[in-house]
Ligand code: BGC
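Structure (structure tokens):
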């Protein structure tokens with residue numbers, strides 16, 4: 001292979017198997033009562049004990065914070081048609097200074113966007129229940145109490161880590177005093193995705209995101225969730241697999257480029273795995289490789305442009321565009337970056353993008369295979385048939401990411417038959433769904449859960465209990 005600096009990105013099947021074995025051990029550490037606090041893969045209990053039963057209904061608000069944008073949605077669940085309908089939604093940009101400023105400002109901004117939405121849709125007089133998809137690692141204490149462990153992706157607001165995010169939201173709304181919200185349910189985007197896909201396909205018991213960040217949740221046996229009382233049934237666990245490798249366990253597969261990306265990020269040493277996989281970082285890895293190849297005189301006649309020297313200028317979406325059919329996209333992008341390209345350069349740039357996105361898909365597959373194999377073992381099954389609800393721009397927009405991922409999962413989890421269900425608006429609709437189920441259950445006596453589990457078994461029912 002002629003390009004030495006691309007070599008470390010190529011992972012053999014046995015390396016991927018070894019990555020999967022390491023993750024399997026870390027997942028067990030994350031679940032353990034006494035090993036959890038030092039575990040890099042947090043395995044956070046979500047208190048969702050199964051997935052909707054079809055009797056949910058009503059109007060809900062959903063907030064979705066986690067990527068570059070913040071969204072407000074008005075969602076209606078139609079019981080008769082068994083459908084979740086997005087009535088309206090609005091996107092609010094979050095300016096960089098807010099993403100990096102004081103937490104109070106962030107929540108004031110969120111409360112202001114919500115106020116504007118309620119105003120323009122004439123919903124201010126109603127006190128609707130609200131599902132809050134907050135896509136960061138949180139220690140969930142109750143359905144409406146969730147403490148941020150740490151910021152990830154592009155956020156770094158002061159005064160939020162270690163605090164209850166629902167309280168911060170309510171306080172911001174009270175500071176305004178012009179409207180109120182009803183009960184709140186907090187969800188991670190992976191859980192929202194699993195729950196909204198679960199309404200369509202009842203065997204959906206894994207939720208996965210490959211977008212700005214990456215993560216997955218799945219249904220774990222209660223007997224293995226050592227930090228929560230009880231042995232019966234299952235609970236959805238938010239793995240936070242992005243943190244895999246934070247204890248140095250992946251040092252052998254990190255390339256020099258990964259180390260630079262980590263060091264220059266907002267959160268060095270945190271979310272090692274995410275930084276090798278997700279959309280926030282892939283473009284920057286590619287840029288660093290392109291600069292290196294140019295410095296080695298293998299690209300652009302050895303001439304690096306100012307644009308290519310600028311961190312963040314080579315966006316992750318360029319990778320998807322470059323790998324899409326034809327070479328025109330690549331030529332346009334290179335021209336926009338003030339690079340003097342030849343046809344040979346265009347082909348090499350394609351190879352760089354392909355190498356980086358392939359590694360991302362394979363690593364993601366290794367993690368997903370670990371989860372699927374775990375579910376199969378948990379249930380003592382020879383063969384597992386299951387569905388994964390998926391969302392995220394990298395998975396949805398990249399031309400062959402999904403095929404690469406599926407092919408690798410088949411190699412690493414040969415006895416699991418996995419269906420991929422792409423979620424539309426999953427985190428928003430899922431948050432509404434969790435809120436709906438929580439509301440319904442709040443009106444029912446506790447024995448209800450037990451009776452239903454005994455009557456039908458946990459998985460015929462899709463019930464979220466908090
Ligand atoms: C966060 C997760 C989230 C994932 C995908 C990660 O950075 O820690 O909570 O699910 O991004 O949005």
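In full-length UniProt numbering, the protein residues as written are 1 to 466. We put the CB at the ideal spot given by N, CA and C, even for glycine.
{"query": "For residue 88: DSSP bridge partner residues", "result": "74"}
{"query": "Which residues DSSP lists as bridging residue 420, in chain order", "result": "388"}
{"query": "Bridge-paired residues (DSSP) for residue 133", "result": "64 and 187"}
{"query": "Euclidean distance between Cα positions of residue 462 and residue 17", "result": "In this predicted model, residue 462 has a pLDDT of only 39, less than 50, meaning its place in the structure is not dependable enough to derive any value."}
{"query": "Proximity of residue 284 and residue 261 at Cβ, strictly below 7 Å", "result": "yes"}
{"query": "Buried versus exposed call for residue 238 [16 or more other C-beta atoms within 10 Å across all chains shown]", "result": "buried"}
{"query": "Which of helix, strand or coil DSSP assigns to residue 448", "result": "Caution is warranted here: a pLDDT of 38 is assigned to residue 448, below 50, making its placement in the model unreliable, and no coordinate value can be reported."}
{"query": "Segment contact, 8 Å Cβ cut-off, at least three pairs: the segment 161-175 with the segment 104-121", "result": "yes"}
{"query": "Where residue 91 falls, given that 16 or more other Cβ within 10 Å makes a residue buried", "result": "exposed"}
{"query": "Contact belief for residue 99 with residue 154 at Cβ below 8 Å, rounded distance in angstroms", "result": "5 Å"}
{"query": "Separation of residue 137 from residue 148, as counted between CA atoms", "result": "6 Å"}
{"query": "DSSP beta-bridge partners of residue 59", "result": "76"}
{"query": "Runs of alpha helix (DSSP H) lying entirely within the segment 92-151, each at least 4 residues, in chain order", "result": "96-99 and 103-120"}
{"query": "Local Cβ density within 10 Å of residue 54, reported as buried at 16 or more and exposed below that", "result": "exposed"}
{"query": "At least three beta-carbon pairs within less than 8 Å, the segment 305-314 to the segment 285-293", "result": "yes"}
{"query": "CA nearest to the CA of residue 73, picked from 233, 44, 42 and 130", "result": "130"}
{"query": "Beta-carbon proximity of residue 214 to residue 140, cut-off 7 Å", "result": "no"}
{"query": "Of the residues 403, 269 and 192, the one placed nearest residue 152, counting alpha carbons only", "result": "269"}
{"query": "Counted within 10 angstroms of its Cβ, other Cβ atoms place residue 414 as buried (16 or more) or exposed", "result": "exposed"}
{"query": "Cβ-based neighbour list, residue 235, same chain, cut-off 8 Å, excluding 5 preceding and 5 following", "result": "45, 46, 47, 48, 49, 219, 220, 222, 225 and 228"}
{"query": "Sheet register partners of residue 195 (DSSP bridge)", "result": "Paired residue(s): none; residue 195 is not in a bridge."}
{"query": "Segment contact flag, the segment 18-28 with the segment 243-251, C-beta cutoff 8 Å, min 3 pairs", "result": "yes"}
{"query": "Exposure label - residue 465; buried when at least 16 CB within 10 Å", "result": "With a pLDDT of only 34 at residue 465, under the threshold of 50, the placement of this residue in the model should not be trusted; the figure read from the coordinates follows. Residue 465 comes out buried."}
{"query": "Length of the line joining the Cα atoms of residue 160 and residue 230", "result": "31 Å"}
{"query": "heavy atom of the ligand BGC below 6 Å from residue 190 C-beta", "result": "yes"}
{"query": "Given 8 Å, three or more beta-carbon pairs between the segment 383-400 and the segment 412-431", "result": "yes"}
{"query": "As assigned by DSSP and simplified to three states, the class of residue 3", "result": "coil"}
{"query": "Coarse secondary structure for residue 279, derived from DSSP in three states", "result": "helix"}
{"query": "Classification of residue 362 by the beta-carbon crowding that lies within 10 angstroms, buried from 16 upward", "result": "buried"}
{"query": "Short Cβ contact (7 Å threshold) for residue 133 with residue 182", "result": "no"}
{"query": "heavy atom of the ligand BGC below 6 Å from residue 371 C-beta", "result": "no"}
{"query": "With 16 other Cβ atoms within 10 Å as the buried cut-off, status of residue 40", "result": "buried"}
{"query": "Near the ligand BGC: residue 47 beta-carbon under 6 Å from a heavy atom", "result": "no"}
{"query": "Proximity test, residue 136 beta-carbon vs the ligand BGC heavy atom, cut-off 6 Å", "result": "yes"}
{"query": "Where the alpha helix (DSSP H) through residue 29 begins and ends", "result": "13-31"}
{"query": "Assumed close pair residue 412, residue 389 - CB separation to whole angstroms, cut-off 8 Å", "result": "About 20 Å separates the two Cβ atoms, so there is no contact after all."}
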